[in-house]
Amino acid sequence: MRYDVIVIGAGIVGTSIAWHLQKNNAQVLLLDKKCPGEETSYGNAGIITREAVNTKPFPRSFKEISRVLPNKSADIRYRWSAIYRLQRPLLQYWIHSSPKNVEEIDDEWATLIQHCTDEHEPMIRASGADELVSKIGWIELHCKSSSFEKSINKAVKAADKGVEYQVLSLAELQALEPNVNFTDYVGGIHWKNSWQIKNPGSLVKAYAKNFEAMAGEIKQSTVKNMIQTEEGWQVITDSGTYLCQNLVIAAGPWSADLIKPLGYKIPLFPMRGYHQHFKSTDQNAFSHSLFDVDKGFVMGTMDQGVRITTGAEMALLDDPKDFNQLETVLTFAKKVLPLDAAVESEAWCGTRPCMPDMKPVIGPASKHDNLWFSFGHAHQGLTLGPVTGRLIEEMIHGKPLFIDAQPFSSKRFDSNL
Ligand SMILES: Cc1cc2nc3c(=O)[nH]c(=O)nc-3n(C[C@H](O)[C@H](O)[C@H](O)COP(=O)(O)OP(=O)(O)OC[C@H]3O[C@@H](n4cnc5c(N)ncnc54)[C@H](O)[C@@H]3O)c2cc1C
């Protein structure tokens with residue numbers, strides 16, 4: 001059988017693309033080495049971040065760099081081997097993080113974020129996934145008055161881009177979340193129109209099930225090679241060869257390695273994160289996900305228990321797990337909430353697929369017809385999967401695009417080819 005489109009990668013991004021294409025009358029095959037939503041899209045903090053209209057630049061001030069350099073901070077850790085191997089994309093990341101560049105990038109980035117909840121909504125409804133979604137927003141917590149004031153100023157500006165927020169005093173925090181110990185904090189910001197997902201992996205599975213209900217096909221196969229012929233694309237996997245007209249690469253942090261043999265050098269780099277679940281009890285019950293900005297960790301109530309999610313570790317994709325950062329974070333989290341019994345014997349880790357200019361790659365490949373790239377959503381892939389899915393469907397079907405996708409084109413890396 002020859003498919004109209006094969007999508008490689010059934011994380012939130014690939015599944016959303018497959019869903020949009022199938023809904024618009026394409027015959028789609030979704031390929032993944034695992035079942036849908038079992039890699040990065042499983043283990044994230046589960047927030048659909050409508051508030052994230054600003055990107056996350058590389059720390060550039062002397063104060064910030066000297067804080068991170070001793071490699072002991074809770075929010076960012078690194079391995080020298082990763083810094084050495086990733087020196088080129090990291091240098092590019094640093095350059096793109098100048099205040100002037102960030103201003104421009106943020107404006108482009110916000111065009112994606114502004115549609116995030118609107119684009120999840122029809123997929124949630126069609127998939128019957130409403131019970132996985134809580135629309136009460138989440139709360140950012142601050143230990144330092146200086147960082148709190150900076151965030152309030154950002155929130156005021158973000159309101160121009162449709163972000164709804166409320167600044168919370170300690171008393172207001174305590175009233176909202178009576179089981180949480182806020183003594184280390186000075187206040188918080190409630191991001192009111194962001195959403196929480198209580199099981200991101202299950203959300204992807206629900207979208208995938210709805211894709212199958214529309215006669216989309218899913219196969220569990222590892223892609224080994226992709227060859228373009230006069231008849232279209234041949235996708236060679238460990239369970240056979242599949243043919244299609246259009247091929248979409250949505251393999252998250254694995255995408256750059258997958259397309260390297262086709263002659264593309266895209267500076268995608270990994271940024272790792274860990275999570276650990278703790279048994280939910282009456283004493284640690286809370287409703288809003290909580291993000292400690294200064295220590296970079298998120299606490300959220302999930303199907304599996306209380307999920308504590310770490311910030312960033314610069315580590316290579318296949319590096320062994322190192323639980324030091326998670327352990328540091330857990331000492332802080334345990335002051336905030338009673339966390340006794342860990343649910344799993346070993347913590348989860350996964351990799352954010354990051355780009356040096358902080359923008360995902362969404363669009364046609366520059367050297368092959370009917371090849372489409374869709375990866376690099378970094379800290380916001382759960383948020384942006386459906387927006388990306390709609391864009392790729394519109395591109396493949398030659399429709400007018402609902403967002404200007406030029407800033408996300410892979411052509412910006414053509415000088416690397
Ligand atoms: C700790 C942490 C917290 C986060 N918190 C949030 C959050 O709160 N909100 C948010 O929006 N985002 C968050 N993110 C980011 C988000 O999880 C990612 O951006 C998103 O999951 C990326 O989705 P993806 O579909 O691109 O990649 P993935 O989910 O990794 O999917 C890629 C798929 O490709 C498959 N694949 C790879 N190679 C092959 C091959 N050769 N053959 C077949 N299949 C292949 C993999 O098996 C995988 O299923 C967080 C990330 C982390 C790590």
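Residues in the sequence shown are numbered from 1 upward in steps of one, following the UniProt record's numbering. The C-beta atom is built at its ideal place from N, Cα and C for all residues, glycine as well. What you are looking at is a predicted structure, and each value in this text was computed from that prediction instead of being measured.
**Item:** Option nearest H368 by Cα separation, candidates F286, D32 and I249
**Value:** Checking every option, the nearest Cα to that of H368 belongs to I249.
**Message:** Nearest by alpha-carbon distance to F413: which of T388, I362 and G273 is it?
**Reply:** Minimum Cα distance to F413 is reached at I362.
**Prompt:** Over what stretch of residues does the beta strand (DSSP E) that includes V5 continue unbroken?
**Reply:** Looking at the DSSP string, the run of the beta strand (DSSP E) that includes V5 is R2 to I8.
**Request:** In the DSSP assignment, find the unbroken alpha helix (DSSP H) run with Y207 in it and report its ends.
**Result:** First-last of the alpha helix (DSSP H) with Y207: P200 to A213.
**Asked** What does a CB cutoff of less than 6 Å around E393 pick up in its chain, not counting 5 residues either side in sequence?
**Response** Cβ neighbours of E393 beyond the five flanking positions: H20, L21 and N24.
**Request:** Tell me, to the nearest whole angstrom, how far the beta carbon of G187 is from that of L170; I am working on the premise that it is less than 8 Å.
**Result:** For a cut-off of 8 Å, the C-beta gap from G187 to L170 is around 6 Å, short enough to register as a contact.
**Request:** In the DSSP assignment, find the beta strand (DSSP E) that holds M314 and state where it starts and stops.
**Result:** M314 -> beta strand (DSSP E) spans A312 to M314.
**Item:** Assigned secondary structure, D160 (DSSP; H/G/I helix, E/B strand, else coil)
**Value:** Here DSSP, grouped into helix, strand and coil, assigns D160 to helix.
**Contiguous beta strand (DSSP E) assignments of at least 3 residues, all confined to the stretch 33 to 59** = Within the stretch 33 to 59, not a single complete beta strand (DSSP E) segment reaches 3 residues in length.
**Request:** On the DSSP bridge assignment, give the partners of M226 in chain order.
**Result:** Answer is V235.
**Item:** Beta-carbon proximity list for residue 422, same chain, < 7 Å, skipping 5 on both sides
**Value:** Given that the chain is displayed from residue 1 to residue 417, the structure contains no residue 422 and the question cannot be resolved.
**Prompt:** Mapping DSSP to helix, strand and coil, what is V306?
**Reply:** Per DSSP, reduced to three states, the secondary structure at V306 is strand.
**Prompt:** What's the C-alpha gap between G273 and E230?
**Reply:** Going by the C-alpha atoms only, they are around 42 Å apart.
**Prompt:** What first and last residue would you give for the alpha helix (DSSP H) that runs through N246?
**Reply:** Run containing N246: none in the alpha helix (DSSP H); it sits in the beta strand (DSSP E), G240 to I249.
**Prompt:** Could you give the distance in angstroms between the alpha-carbon of R79 and the alpha-carbon of D318?
**Reply:** Their backbone Cα atoms lie some 13 Å apart in a straight line.
**Asked** In terms of residue numbering, what span does the beta strand (DSSP E) encompassing T117 cover?
**Response** Here T117 belongs to no beta strand (DSSP E); instead the alpha helix (DSSP H) covers C116 to S127.
**Message:** Just verifying my parser: in three-state terms, what is the DSSP assignment at V167?
**Reply:** The three-state secondary structure of V167, taken from DSSP, is strand.
**Prompt:** Hey, Y3 and G201: beta-carbon distance below 7 Å or not?
**Reply:** Contact: no.
**Prompt:** Hey, quick one: how far does the alpha helix (DSSP H) through D257 stretch, first residue to last?
**Reply:** Looking at the DSSP string, the run of the alpha helix (DSSP H) that includes D257 is S255 to I259.
**Message:** Under 6 Å: does the beta carbon of W254 sit that close to some heavy atom of ligand 1?
**Reply:** The answer is yes for W254.
**Request:** Report all residues from its chain with a CB closer than 8 Å to the CB of A158; omit the five preceding and five following residues, and keep chain order.
**Result:** So the qualifying residues of the chain are E51, V53, N54 and Y165.
**Request:** Measure the Cβ-Cβ separation of W138 and W94 and say whether it is below 7 Å.
**Result:** In this structure, W94 does not lie closer than 7 Å to W138 by Cβ.
**Item:** C-alpha distance - G263 paired with V235, whole-angstrom precision
**Value:** C-alpha separation (whole angstroms): 16 Å.
**Prompt:** Leaving out five residues before and five after I266 in sequence, what residues of the same chain have Cβ atoms less than 6 Å from its Cβ?
**Reply:** If we look at I266 and ignore the five residues flanking it on each side, its Cβ neighbours are A256 and F413.
**Message:** I'd like the span of the alpha helix (DSSP H) that includes R88, first residue to last.
**Reply:** From DSSP, the alpha helix (DSSP H) with R88 extends over Q87 to H96.
**Message:** Output needed for K335: all residues of its chain with C-beta closer than 7 Å, excluding positions within five of it in sequence on either side, in chain order.
**Reply:** Once the five neighbours on either side are set aside, the close Cβ partners of K335 are N181 and D184.
**Message:** Assess contact between the stretch 66 to 78 and the stretch 398 to 405, defined as three or more Cβ pairs (one per stretch) separated by less than 8 Å. Is contact present?
**Reply:** No, the stretch 66 to 78 is not in contact with the stretch 398 to 405.
**Request:** Indicate, with yes or no, if ligand 1 has a heavy atom lying under 6 Å from the CB of S202.
**Result:** No - ligand 1 has no heavy atom lying nearer than 6 Å to the Cβ of S202.
**Request:** Grab me the residues of K219's own chain with a C-beta within less than 6 Å of its C-beta, minus the 5 sequence neighbours each way, in chain order.
**Result:** Answer for K219: L31, listed in chain order.
**Message:** Based on DSSP bridge pairs, tell me the residues matched to M299.
**Reply:** Looking at the DSSP output, M299 sits in a beta bridge with L290 and I308.
**Message:** Please return the same chain residues whose Cβ sits closer than 6 Å to the Cβ of D106, not counting the five positions on each side in sequence.
**Reply:** For D106, where only same-chain residues beyond five positions count, the Cβ hits under 6 Å are N54 and T55.
**Message:** Would you call the stretch 327 to 341 in contact with the stretch 301 to 316, where contact means no fewer than 3 C-beta pairs closer than 8 Å?
**Reply:** Cβ pair count under 8 Å is three or more, so yes.
**Prompt:** Going by C-alpha distance, which of L268, C244 and G376 is nearest Q27?
**Reply:** With distances taken between Cα atoms, Q27 lies closest to C244.
**Request:** Could you tell me if the beta carbon of Q380 falls within a distance shorter than 6 Å of some heavy atom in ligand 1?
**Result:** Checking the Cβ of Q380 against ligand 1 gives yes.
**Message:** For a quick check, are the C-beta atoms of S287 and V298 less than 7 Å apart?
**Reply:** V298 is positioned such that its CB atom lies no closer than 7 Å to that of S287.
**Request:** Return yes when the Cβ of A208 is within less than 7 Å of the Cβ of T15, no when it is not.
**Result:** With contacts defined by Cβ atoms closer than 7 Å, T15 and A208 form a contacting pair.
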